[in-house]
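In my numbering, the protein residues as written are 25 to 79. First the structure, in the form of structure tokens, and then the observations on it.
What follows is the structure, encoded as structure tokens:
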């Protein structure tokens with residue numbers, strides 16, 4: 025199971041595993057467009073897509 029978190033401005037959306045480690049993240053610019061993504065190595069397929077968690 026993953027926990028979806030956002031920063032207070034909504035510019036970063038992250039998925040964390042049950043241990044609190046970030047496994048995937050999307051960073052947005054001022055216009056709300058995704059500009060950068062992060063996915064931990066063993067999670068080649070991102071668990072985040074459009075701010076939603078996928079398994």
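Every residue, glycine too, gets a C-beta built ideally from N, C-alpha and C.
Distance between residue j and residue i (C-alpha atoms, nearest Å)
{"i": "residue 79", "j": "residue 36", "result": "Note that residue 79 scores 46 on pLDDT, short of 50, meaning its location in the model is unreliable; the coordinates nonetheless yield the value given after this. Looking at the two C-alpha atoms, the distance is approximately 20 Å."}
{"i": "residue 27", "j": "residue 46", "result": "9 Å"}
{"i": "residue 43", "j": "residue 33", "result": "24 Å"}
Cut-off 7 Å between Cβ atoms - residues of its own chain near residue i, not counting five sequence neighbours on either side
{"i": "residue 41", "result": "26, 47"}
DSSP-derived helix/strand/coil call for residue i
{"i": "residue 42", "result": "coil"}
{"i": "residue 51", "result": "strand"}
{"i": "residue 60", "result": "strand"}
Sequence-distant residues of the same chain with beta carbon closer than 6 Å to residue i, five excluded per side
{"i": "residue 23", "result": "Outside the displayed range of the chain (25 to 79) lies residue 23, so it cannot be described from this structure."}
{"i": "residue 53", "result": "59"}
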